[in-house]
Structures are given as structure tokens and as C-alpha cells.
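A.B. asks:
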Amino acid sequence: MKVNNLFYVIFLFVLLVSCNNQANTDDKKPGNEKEKAEEIAGSEQDFMEKGEKVYNRVCLVCHQSDGSGVPMMYPPVIESDYISVNTDSLIVLILEGLSGPVVVKGEEYNSIMPPMKDVLDNEEISDLINYLRNSFGNTGDYVKAGEVAKLR
Amino acid sequence: MNRRIHNNLKLLLTLVLPLTFLTCNTQDGNPRRLSPDADNGGISLPEGFSALVVADNLGRGRHIDVYDNGDIYMALRRLNNGKGIVAVRDTSGDGRADIIRYFGDFAGTGMEIHDGYLYFGGDTMVLRYKLKENELVPDEEPELVVSGFPEQNQHRDKPFAIDKAGNIYVNVGAPSNACMEQTRTMGSPGMYPCPQLERQAGIWRFRVDKMNQTQEGNGYHYATGIRNSIALTWNDLNDNLYIVMHGRDQLHQFYPDMYTQEENAELPAEEFLLVKDGSVFSWPYYYYDHLKNKMVLAPEYGGDGEKTEGPVEVEDPIMGFPGHLAPNDILFYTGDQFQERYRNGAFICFHGSWNRAPLEQEGYFVAFIPFKGELPSGDWEIFADDFAGLEVVSSPSQAEHRPMGISMDKDGSLYVCDSQKGKIWRIFYEGK
Chain L
69 MKVNNLFYVI
79 FLFVLLVSCN
89 NQANTDDKKP
99 GNEKEKAEEI
109 AGSEQDFMEK
119 GEKVYNRVCL
129 VCHQSDGSGV
139 PMMYPPVIES
149 DYISVNTDSL
159 IVLILEGLSG
169 PVVVKGEEYN
179 SIMPPMKDVL
189 DNEEISDLIN
199 YLRNSFGNTG
209 DYVKAGEVAK
219 LR
Chain S
4 MNRRIHNNLK
14 LLLTLVLPLT
24 FLTCNTQDGN
34 PRRLSPDADN
44 GGISLPEGFS
54 ALVVADNLGR
64 GRHIDVYDNG
74 DIYMALRRLN
84 NGKGIVAVRD
94 TSGDGRADII
104 RYFGDFAGTG
114 MEIHDGYLYF
124 GGDTMVLRYK
134 LKENELVPDE
144 EPELVVSGFP
154 EQNQHRDKPF
164 AIDKAGNIYV
174 NVGAPSNACM
184 EQTRTMGSPG
194 MYPCPQLERQ
204 AGIWRFRVDK
214 MNQTQEGNGY
224 HYATGIRNSI
234 ALTWNDLNDN
244 LYIVMHGRDQ
254 LHQFYPDMYT
264 QEENAELPAE
274 EFLLVKDGSV
284 FSWPYYYYDH
294 LKNKMVLAPE
304 YGGDGEKTEG
314 PVEVEDPIMG
324 FPGHLAPNDI
334 LFYTGDQFQE
344 RYRNGAFICF
354 HGSWNRAPLE
364 QEGYFVAFIP
374 FKGELPSGDW
384 EIFADDFAGL
394 EVVSSPSQAE
404 HRPMGISMDK
414 DGSLYVCDSQ
424 KGKIWRIFYE
434 GK
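So the sequences go chain by chain: L and S. Per my numbering, the first sequence runs over residues 69 to 220. Per my numbering, the second sequence runs over residues 4 to 435.
1. Which residue's Cα is closest to the Cα of S/Tyr105: S/Pro406, S/Thr127, S/Leu139, S/Leu300?
2. Among the candidates S/Thr186, S/Leu79, S/Val247, whose CA atom is the shortest distance from the CA of L/Met184?
3. For L/Asp195, report the span of its alpha helix (DSSP H) as first-last.
4. Check L/Gly214 in the structure and name its three-state DSSP category.
5. Could you give the first and the last residue of the continuous beta strand (DSSP E) run that contains S/Ile229?
6. Specify the secondary structure class of S/Pro373 as computed by DSSP and reduced to three states.
7. Could you check where the alpha helix (DSSP H) with L/Val160 kicks off and where it finishes?
8. List, in order along the chain, the chain S residues whose C-beta lies closer than 7 angstroms to that of L/Ile180?
9. Please classify S/Gln342 as buried or exposed, where buried requires at least 16 other C-beta atoms within 10 Å of its C-beta.
10. If you draw a straight line from the alpha carbon of S/Met411 to that of S/Arg359, how long is it in whole angstroms?
11. Does the CB of L/Val187 have a neighbour CB from chain S at under 9 angstroms?
12. If you follow the alpha helix (DSSP H) that S/Ala268 is in, where does it begin and where does it stop?
13. Does S/Asn331 pass the burial test, meaning 16 or more other C-beta atoms within 10 Å, or should it be called exposed?
14. Scan the region 166 to 178 of chain L for residues whose Cβ lies nearer than 8 angstroms to a Cβ of chain S and list them as they occur along the chain.
15. Counting only runs of 3+ residues fully inside the region 137 to 169 of chain S, write out the beta strand (DSSP E) ranges in chain order.
16. Please name the residues in the region 67 to 92 of chain S whose beta-carbon is closer than 8 angstroms to at least one beta-carbon of chain L, in chain order.
17. Between L/Ser133 and chain S, is the shortest Cβ-Cβ distance under 9 angstroms, so that the two count as touching?
18. I'd like to confirm the pairing. Which residues does DSSP put opposite L/Asn178 in its beta bridges?
19. Taking Cβ positions only, does S/Asp118 come closer than 9 angstroms to chain L?
20. Using a Cβ-based criterion (distance less than 8 angstroms to any ligand heavy atom), does S/Asp242 qualify as near the ligand NAP?
21. Counting only beta-carbon atoms, is L/Leu128 nearer than 9 angstroms to chain S?
22. I need the DSSP call for L/Cys127, collapsed to helix, strand or coil.
23. Where DSSP assigns a beta bridge to S/Asp332, which residues make up the other side?
24. Which residues in the same chain as L/Gln90 place their Cβ atom closer than 7 angstroms to its Cβ, once the five residues preceding and following it in sequence are excluded?
25. Which of the three DSSP states is assigned to S/Val317 in this structure?
26. Flag this pair as yes or no: are the beta carbons of S/Gly98 and S/Val57 separated by less than 9 angstroms?
27. Would you mind telling me which residues of chain L sit closer than 9 angstroms to S/Pro399, beta carbon to beta carbon, in chain order?
28. How far does the beta strand (DSSP E) with S/Asn72 in it extend, from its first residue to its last?
29. Along chain S, which residues have their Cβ under 8 angstroms away from the Cβ of L/Asn124?
30. Compute the Euclidean distance between the alpha carbons of S/Arg210 and S/Asn170, then round it to the nearest angstrom.
31. Rank S/Asp68, S/Arg36, S/Arg230 by C-alpha distance to the C-alpha of S/Leu417 and give the top, closest one.
32. Along the region 357 to 386 of chain S, where does the CB come closer than 8 angstroms to a CB of chain L? Name the residues.
33. Quick one: measure Cβ to Cβ for S/Gly111 and S/Arg65, integer angstroms, because I've assumed they're closer than 8 angstroms.
34. Over the uninterrupted beta strand (DSSP E) stretch that includes S/Asn221, give me the two end residues.
35. Going by DSSP, which residues form a beta bridge with S/Gly408?
36. Which residue or residues does DSSP assign as beta-bridge partners of S/Tyr290?
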């Protein structure tokens, strides 16, 4: 009976751990906010460094090192609603590019941003978004590579 | 004193006084005795030159010209209170604006006064406004000189040059960086033959006094292989069109294995072109390497940074400037106010780079190139500098001012305008 009890405790423990693991991978389970925050804190160093590398490689040439863009040609990425507000439309903008007139912070721009879907993978795009949302005065939710995959 | 003598004296004075003024005028480099601003409006100039600020905060200035009566007109890249041209008048004779008026329904770049008309180049057309001696703002509706240019996002400005024979030469820029199958996309090859050369990336000639012309109906294809020419002018002395072309961008970004960031910052040259009827220039198949002094095959067409053999024969530039400096206006100096060495030489406004990033940006100055006959007679030099107001410009929006347009007053002073805030400087020679 005692041995059986021990087995029972071990069995329960294992079950709990596996439940936990499941919760880690499923965003919809309650308690996931805290998990996500911890995950973000843990990988922050990571995505800031990786996202900056992506920015410097593909974005900086037009949007510039300080994010201020090029007057009358390329819009700034500083304090930008395009970056902070809507995750899905930002992902689509990066994947598909943009051309034609847009108004950013009261200034009209009419240039071309090439699509990045064949240039960047999902993780590079999520790193880039997370970097942008923590740079140049932008804010916004943390984005996972899976969210990019869904819209690709 | 009897009345007749008094009248004669008055007559004599009336005749003599203006003569005295005229004599003074020809003896001094600064004919109107303009007093410069203490800081020359924030720019630096060669010894003996001074500047004053004519007007400021007019909007995003593009090209500029001066009417015979001294009124200044500047095209705007962005509508200011719904208007695309600003007119400036000095009524007190101190060279500084007293009246500022806006008019015109379109934003644009091209601006030149010819034979009593103000010509304006928008994005897809050229208009003209009838100027009247005392009216700063034209009171008649503009006439449509040319329209029917392709709609395009990139390089859509329609600056132009006008010759003595009444022809107008209009820039139609390439709608892309390098005629790749997919514009500005890494790995996309160049199209051959480049279909964009058919109606773009060249100069089209029209009549200056014929209305309602279209590119396809009336345009004469004068020269090709020109990516974009914001800086173009007709040289009345040698009867030639001169252009300073914007070279292509992003060699390192698209070909990181072939070009370092340092090479990307320096290459390719901004090409100074002497354009003849039928000239064929480098874009998109080649670019000019001013460090090696040779035409190089573009990487989109199989180039490796060294190869020179390509699909067509093209003309070399008469000079190559460092990459990405964005030459945006050119003027041949025909005045007699400046010293001898400036006469008939070229002044070029460099708007300043963006594609040298992550290296520091360059340009943001007005350069001078001495000329003899049709060709430069010496190297280029910086004439007016410090427009950016910064030691190091790491991105173009940090620049306080960017020189954009240049024009000459009939007294030989130069006007230079800015695209960041819309400042106009008047530069004059005061001597030692």
C-alpha cells in the first residue's frame, strides 16, 4: 500500500508536469499571460539583438539608423501607429510590402517597400517586430513566430 | 534763382543721380549694397562671399527662379495650405521678403521663367502661368503645356530645361532602381531589354509655346539611359543640355557578397552628363565607377563589380561625383558679379544622401565645377556648405536644411533654396 501510494504521488507529479508543459505551448489556457511575460523577459535580450540585426540588414537603408526615414521618400518608424497598433496588419505589411500613397504622422509618402516574405523567415519577422516595438518610441504586444506563419 | 535754371538743375540732378548709382553698381561686386546676415544664414562660403536669408519656413522647396522684376518663385514638393507654388517679393530693397503669397493647385519640382511665363513641372504634366509685371500672383488660369506622362511612384518629378530656340526638355525618370523584374527586391534579375526605357528613363523634347501636347503624341525622345535627372539645364553659351543623373542605389543590400557597405556608400557615381540629340547613357545596364574611371556592368545584368562588357554601347559622363549625394539642381554662372574663375562654370546643389547608411551621410552642399568650352576645366569643389547644421549627418531628416534649387538674379547673386523648411538664401560677392 505504501509503495502503491508512492507510485500514485509520482504518477500525479508527472501528470502535472506534462499538463504544465501543455499550458506552456497553448496560448488560450488561463495563466498564459504570466507564462508569456516570463518567456518574453527570458528572451528579451535575444529578440532585441536578433531583431536589430534584421533591421540593420533589410530596413535601415531606407528607414535609417535612427528610424527617421527619408524626408519625402520613406516614412519614419518612430512612434508609429503602423508598428504599435495592429499586429496582423503589421505582419502583412512586412510580408507583402507596400506601395502607393500613405500618410504617416501627417506627411504623405508615395514610394515602394518591397515584400519581405521571400527575404525573411517567420522568426526573423517576429524578432524584427518585437525589436521595433521596443525601439524608436514604439509600443505593442509581443509577437511569436507562429503568428507570422498563420498570415504567410 | 529763376524758375528755368531751377528746372534745369532738377533735370540735371534727375539725370546725374541714377548715373551715379549705375556707376556704383558696376564698380562693386555687391551692386545693391545688400547687408549680409551676421552668420550668413548659417552657411559657410568662400572668402569674400556673404549671404542673407531672403525668406524662411516657406514649405518643402524644390526648384526656384527669379523674374526680371526680382520676384522669386519656388515650387513645393508638398502643398502648403493647398497650394504648390510660393511667390516672394522684396519691396524695401534690402533683399529680404516683404510679401509672401501661395498659389497653384499642384505640388511639384520644375520651375523656370521663360519669355514672360512661369513654367511648372508637376508629377505627370508641365503647366505655365502668364506673369504680369506688377502682379506677384498670376491672375489667369494656367495653360497645360504637356501631359500624358506615365503615372509612377518612384522618380515621378518632371523638372525640365528650356533652350533659346523654344524647346523644353522634360525629365521622365525610371520607375525603378535598376529595372529588376521585381522592383527593389533582392535576387531579382534585370530585365533585358529594359521595357522602362520606352517611355521613361530619358529626356523628351517638346515645344515651349505649344499647348496641350502629350508625351506620346508630340514628344521627341531626345536621350535615353538616364535613371532620373532632377538637375538639368540648357547651357546657352555652348547650346547643350547638361544633366546630373541620380545613380542607382542598394548595391550592398542586394549584392552583399559583391559590395561592402563602404563600397555601397561610395558607388556608383552620380554622373554629370553632356547630352546630345540621341545620346545613350548607362542606366540600367551599367553604372559609372568614378574610383576606377570606368563604366561597369550592373550586377542585375551579370556584372561582378569589374566586368565592363555589356549588351549596348553607352556614353561616359564628363565627371563622376561620389555616390548618393543627390544632385538636384544645376546652374551655369553667366553673371559678372563673381570673380572671373566662376564665369560659365557650373554650380550644383547636392541634396544630401540617404543610401550611404549605415555610414554617415554626405552631400548637403553646393559644389562648383570650373568649365572651359563644353567640358570641366578642373575638379569639383565645395562652394557653399554647412546647410545641414551638423558635423555628422547620420540620417537625412537630422539635417536642418538640404540645398535643393539654385537660380541667379540679374545682378549676379545666387539664390539657393532648401527642402526641409523652405529657406531661401541670397549669396553675393563682396570682395576682400
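Just so it is clear, CB atoms sit at the ideal spot from N, CA and C, and this is done for glycine as well.
C.D. replies: Once the coordinates are examined:
1. S/Leu139
2. The shortest Cα separation from L/Met184 among S/Thr186, S/Leu79, S/Val247 belongs to S/Thr186.
3. 190 to 200
4. helix
5. From DSSP, S/Ile229 is part of no beta strand (DSSP E); its letter is neither H nor E.
6. coil
7. 155 to 164
8. Per Cβ cutoff of 7 angstroms: Asn156, Gln157, Thr186, Arg187.
9. exposed
10. 31 angstroms
11. yes
12. 264 to 269
13. buried
14. Ser167, Gly168, Glu175, Glu176, Asn178
15. 146 to 150, 163 to 165
16. Correct list: Arg80, Arg81.
17. yes
18. L/Pro169
19. With 9 angstroms as the cut-off, S/Asp118 does not count as an interface residue toward chain L.
20. Among the components of this structure there are no ligands whatsoever, and the ligand NAP is therefore not found.
21. yes
22. The DSSP-derived three-state label of L/Cys127 is helix.
23. Answer by DSSP bridge pairing, in chain order: S/Cys352.
24. Per-residue confidence for L/Gln90 stands at a pLDDT of 42, beneath the threshold of 50, marking its modelled position as unreliable; the derived number appears in the next sentence. Listed in chain order, the non-local C-beta contacts of L/Gln90 below 7 angstroms within the same chain number zero, local neighbours out to five positions each way being set aside.
25. coil
26. yes
27. Gln132, Ser136, Gly137, Val138, Pro139, Met141
28. From DSSP, S/Asn72 is part of no beta strand (DSSP E); its letter is neither H nor E.
29. Pro361
30. 5 angstroms
31. S/Asp68
32. Trp357, Asn358, Ala360, Pro361
33. 7 angstroms
34. The continuous stretches of beta strand (DSSP E) do not include S/Asn221, which lies in the alpha helix (DSSP H) extending over residues 218 to 221.
35. S/Gly408 has S/Cys420 as its beta-bridge partners, per DSSP.
36. S/Val299
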